[in-house]
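All remarks here apply to the structure that follows.
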Amino acid sequence: MGDGAVVLVSGVGGGVSGPSGIYPSLGDRLTILLGLPTLRLDFRQPGWNEYCAADLLASLDYLHGRFGSTRFVVVGWSFGGAPCFTAADKDDRIVGVATVASQTAHTFGISRLPPRPVLLIHGTGDNVLSHACSKRLYDMYGDDLGEKTLKLFDGDDHHLTQNAYEVEHMLFEFVQSVLELE
Numbered sequence: 002m003g004d005g006a007v008v009l010v011s012g013v014g015g016g017v018s019g020p021s022g023i024y025p026s027l028g029d030r031l032t033i034l035l036g037l038p039t040l041r042l043d044f045r046q047p048g049w050n051e052y053c054a055a056d057l058l059a060s061l062d063y064l065h066g067r068f069g070s071t072r073f074v075v076v077g078w079s080f081g082g083a084p085c086f087t088a089a090d091k092d093d094r095i096v097g098v099a100t101v102a103s104q105t106a107h108t109f110g111i112s113r114l115p116p117r118p119v120l121l122i123h124g125t126g127d128n129v130l131s132h133a134c135s136k137r138l139y140d141m142y143g144d145d146l147g148e149k150t151l152k153l154f155d156g157d158d159h160h161l162t163q164n165a166y167e168v169e170h171m172l173f174e175f176v177q178s179v180l181e182l183e
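Take the sequence shown: its letters are residues 2 to 183, numbered as in this note's numbering.
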């Protein structure tokens, strides 16, 4: 087992299944195929970014203590994007951030993420958080400083129901690339 690990982060409603329930399958694939410890994180106080970012940072410490992990990719859905960017701003062990249908509130940390890579995924039919949020995050990341990717799925909803398989595949490939695994 290498030094990488992944944390899959819930939205404001809590839970550990992620958008369209892809987190269990994604976690299994990351663990079985890549040998990565993968934790699906629910929060003590969903919706409170400061507490959620602290929970995320504590999960990194847990994975370090249990598996010796020193490099992390975090994946946040909806509200979960905010604690991912906040935690990445505070901890350089986070080497990449991916979000699905992220909000923009409390995401200032994205501007200090480069050169670490970011993947932003959103559906243009999202009626919970507009895809303009991910476009804004893409702009906030900056230019010429690192690798940023924005993928919009035409007409898809907040859970990316129509494209769940492709979203899961994109997240898997992002983790694999960022942690430089084959």
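Backbone N, C-alpha and C fix where the C-beta goes; we use that ideal spot for every residue, glycine too.
Selected residue, minimal CA-CA separation from A106, among R113, S135, L9 and V179: The count along the sequence shown starts at 1 and reaches residue 106 at position 105. Among R113, S135, L9 and V179, the Cα nearest to that of A106 is on S135.
Three or more C-beta pairs below 8 Å linking the segment 86–98 and the segment 14–26: no
7 Å Cβ shell around I186 - same chain, five flanking residues per side excluded: Only positions 2 to 183 of the chain appear in this structure, which leaves residue 186 out of reach.
The segment 55–70 in contact with the segment 25–36 per 3-pair CB rule at 8 Å: no
Nearest residue (CA-CA) to T71, options G110, P116 and G3: Here residue 71 is taken as the residue at index 70 of the sequence shown, counted from 1. Closest by alpha carbon: G3.
Continuous beta strand (DSSP E) assignments of at least 3 residues falling wholly in the segment 72–144: 72–78, 95–101 and 119–124
Nearest-angstrom Cα separation, counted from G69 out to T100: In the sequence shown, the residue the question calls residue 100 occupies position 99. In the sequence shown, the residue the question calls residue 69 occupies position 68. T100 and G69: Cα-Cα distance of roughly 25 Å.
Straight-line gap, F73 to W49 (C-alpha atoms, nearest Å): The count along the sequence shown starts at 1 and reaches residue 73 at position 72. The count along the sequence shown starts at 1 and reaches residue 49 at position 48. Distance between the alpha carbons of F73 and W49 is about 22 Å.
CA-to-CA distance, F44 to P116, given in whole angstroms: Residue 116 sits at position 115 when you count from the first residue of the sequence shown. Residue 44 sits at position 43 when you count from the first residue of the sequence shown. Cα to Cα, P116 sits roughly 28 Å from F44.
Every unbroken alpha helix (DSSP H) inside the segment 6–62 [4 residues or more]: 24–35
Cβ neighbour criterion (16 or more within 10 Å) applied to Q46: The residue labelled residue 46 in the question sits at position 45 within the sequence shown. Exposed, by the Cβ-count rule.
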